[in-house]
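Asks: Sharing a structure with you now.
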Amino acid sequence: MSVAERLLISRLKERDEQAFNEIVRLHGDKVFSLVYRMIGNRAEAEDIAQEVFVTVFKTIDGFRGEAKFTTWLLRIAANQCKNRIKYLARRATDPDGLDEGGHAGDAATVAPHVAPLTGQIDGPDVLLEAAELDGLMQRAIADLDEEQRLLVVLRDVEEMSYDEIGDVTGLPEGTIKSRLHRARMAIKDWLDQHTR
Amino acid sequence: MDHQQAADRFSDYLDGTLAPRDREALEAHLATCIQCRTSLTSFKRAVGSLGKLKQAAPPAFLPNIQKQIHARSRGRFFGKRWLLFGRVPFEWVSLAVIIGLLVYYIATIHGAPGGVHPAP
Numbered sequence: 001m002s003v004a005e006r007l008l009i010s011r012l013k014e015r016d017e018q019a020f021n022e023i024v025r026l027h028g029d030k031v032f033s034l035v036y037r038m039i040g041n042r043a044e045a046e047d048i049a050q051e052v053f054v055t056v057f058k059t060i061d062g063f064r065g066e067a068k069f070t071t072w073l074l075r076i077a078a079n080q081c082k083n084r085i086k087y088l089a090r091r092a093t094d095p096d097g098l099d100e101g102g103h104a105g106d107a108a109t110v111a112p113h114v115a116p117l118t119g120q121i122d123g124p125d126v127l128l129e130a131a132e133l134d135g136l137m138q139r140a141i142a143d144l145d146e147e148q149r150l151l152v153v154l155r156d157v158e159e160m161s162y163d164e165i166g167d168v169t170g171l172p173e174g175t176i177k178s179r180l181h182r183a184r185m186a187i188k189d190w191l192d193q194h195t196r
Numbered sequence: 197m198d199h200q201q202a203a204d205r206f207s208d209y210l211d212g213t214l215a216p217r218d219r220e221a222l223e224a225h226l227a228t229c230i231q232c233r234t235s236l237t238s239f240k241r242a243v244g245s246l247g248k249l250k251q252a253a254p255p256a257f258l259p260n261i262q263k264q265i266h267a268r269s270r271g272r273f274f275g276k277r278w279l280l281f282g283r284v285p286f287e288w289v290s291l292a293v294i295i296g297l298l299v300y301y302i303a304t305i306h307g308a309p310g311g312v313h314p315a316p
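Residue numbers (this note's numbering), protein chains in the order written: chain A, 1 to 196; chain B, 197 to 316.
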């Protein structure tokens with residue numbers, strides 16, 4: 001952990017509002033991005049991401065600097081996502097609750113502006129570079145189970161190293177690699193199936 | 197190498213972590229297998245597309261968190277902490293009250309007009 005980060009966290013422990021703002025500015029996008037890709041719904045994602053920072057500041061005294069702050073933060077975010085996914089699954093979810101066709105458990109949910117899943121849509125070269133890329137990929141991610149989804153998001157969306165992913169998930173590198181490979185293959189197969 | 201063995205190596209190949217001997221074997225297979233070449237192209241495209249999915253937080257993200265924290269803590273979250281453990285030091289407050297009561301009790305006993313006085 002850098003000296004600047006240590007100072008920032010120490011100020012945070014003193015309940016310095018400027019330090020709080022700085023932390024949110026530094027890590028807000030990463031946390032929101034992770035949560036949004038895990039959940040697939042913007043409003044839910046914003047709610048969870050906010051809750052992540054509230055939790056961070058409620059529990060900052062427990063952070064002893066053994067792990068990187070980012071790792072600790074993302075671990076909280078990942079846990080909150082998993083809890084919310086379970087909660088949403090239990091609630092048997094609102095069919096209109098997801099953005100851009102993405103879903104935490106029901107890939108059949110499709111926002112109006114996204115091409116329907118049934119039938120073929122335009123070729124990937126056209127689609128993947130167009131506005132539909134986001135919704136299409138989100139649907140492919142939503143088709144994964146939550147563990148695979150987390151690995152794909154951490155590695156391929158957030159571009160984290162295997163070491164960092166290991167710190168966040170607590171999984172050994174070999175397990176991460178094999179699960180990640182299966183997840184990537186599943187996404188490839190999904191895209192092969194739903195594009196031409 | 198068969199198709200499955202080739203596909204099993206796509207991630208390591210893409211990450212650049214495949215052992216040199218395995219990489220050569222895979223590349224030799226790809227050179228002769230159009231099915232695996234096509235599959236690898238789709239695989240690369242899928243993984244590459246994931247890299248474009250980073251999402252920025254909404255503009256009101258920070259103000260919304262601040263609002264939430266202020267509302268939940270009724271404004272007590274931010275600002276200098278109390279003397280001990282980041283909270284009101286109840287132990288010290290209790291001790292001060294006990295000492296105060298003791299002092300008051302002693303002062304009352306010794307200073308009261310109806311107190312015990314030696315006989316003349």
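The beta-carbon is built from N, C-alpha and C at its ideal position, and this holds for glycine as well.
Does the contact criterion of 3 or more C-beta pairs under 8 Å hold for the stretch 295-307 of chain B versus the stretch 43-60 of chain A?
Replies: No: the two stretches stay apart, fewer than three of their Cβ pairs being nearer than 8 Å.
Asks: Going by beta carbon distance, what residues of the same chain come within less than 6 Å of Met160(A), once the five residues before and after it are set aside?
Replies: In the first sequence, counting from the first residue as 1, residue 160(A) sits at position 160. Counting only Cβ-Cβ distances below 6 Å, and skipping sequence neighbours, we find Leu154.
Asks: Counting only beta-carbon atoms, is Lys188(A) nearer than 8 Å to chain B?
Replies: By one-based count along the first sequence, residue 188(A) stands at place 188. Yes, Lys188(A) lies at the interface with chain B (some Cβ there is under 8 Å from its Cβ).
Asks: Would you decide whether Tyr209(B) is buried or exposed? Buried here means 16 or more other CB atoms lie within 10 Å of its CB.
Replies: Position 13 of the second sequence, counted from the start, is the residue given in the question as residue 209(B). Counting Cβ neighbours within 10 Å, Tyr209(B) comes out buried, since at least 16 surround it.
Asks: Are the Cβ atoms of Lys188(A) and Ala242(B) separated by less than 8 Å?
Replies: Along the first sequence, read from residue 1 onward, the residue named residue 188(A) stands at position 188. Along the second sequence, read from residue 1 onward, the residue named residue 242(B) stands at position 46. In contact: Lys188(A) and Ala242(B) (Cβ atoms closer than 8 Å).
Asks: What does a CB cutoff of less than 7 Å around Leu8(A) pick up in its chain, not counting 5 residues either side in sequence?
Replies: As a first step, residue 8(A) is located in the first sequence; it is residue number 8 there, counting from the start. Cβ within range, chain order: Ala19, Glu22 and Ile23.
Asks: Roughly how many whole angstroms lie between the Cα atoms of Glu46(A) and Tyr162(A)?
Replies: Here residue 46(A) refers to the residue found at position 46 of the first sequence. Here residue 162(A) refers to the residue found at position 162 of the first sequence. Taking the straight line joining both Cα atoms gives about 27 Å.
Asks: Answer with yes or no whether the minimum CB distance from Pro254(B) to chain A is below 8 Å.
Replies: Counting from 1 along the second sequence, the entry for residue 254(B) is found at position 58. Cβ-Cβ to chain A under 8 Å: yes for Pro254(B).
Asks: In chain B, what lies closer than 7 Å to Arg64(A) by C-beta?
Replies: Walking along the first sequence from the start, residue 64(A) turns up at place 64. Those within 7 Å of Arg64(A) in chain B number zero; the least Cβ separation is about 15 Å.
Asks: Could you name the residues of the stretch 48-82 of chain A whose beta carbon sits closer than 8 Å to any beta carbon of chain B, in the order they occur along the chain?
Replies: Answer in chain order: Ala49, Gln50, Phe53, Val54, Phe57 and Asp61.
Asks: When you compare each of Met137(A), Glu66(A) and Arg91(A) to Leu191(A) by their alpha carbons, which one comes out closest?
Replies: Against the first sequence, residue 191(A) aligns to sequence position 191. Among Met137(A), Glu66(A) and Arg91(A), the Cα nearest to that of Leu191(A) belongs to Met137(A).
Asks: Pull out every residue of the stretch 24-36 of chain A whose Cβ sits closer than 8 Å to any Cβ of chain B, in chain order.
Replies: Listed by position along the chain: Val24, Arg25, Gly28, Asp29, Val31, Phe32, Ser33 and Tyr36.
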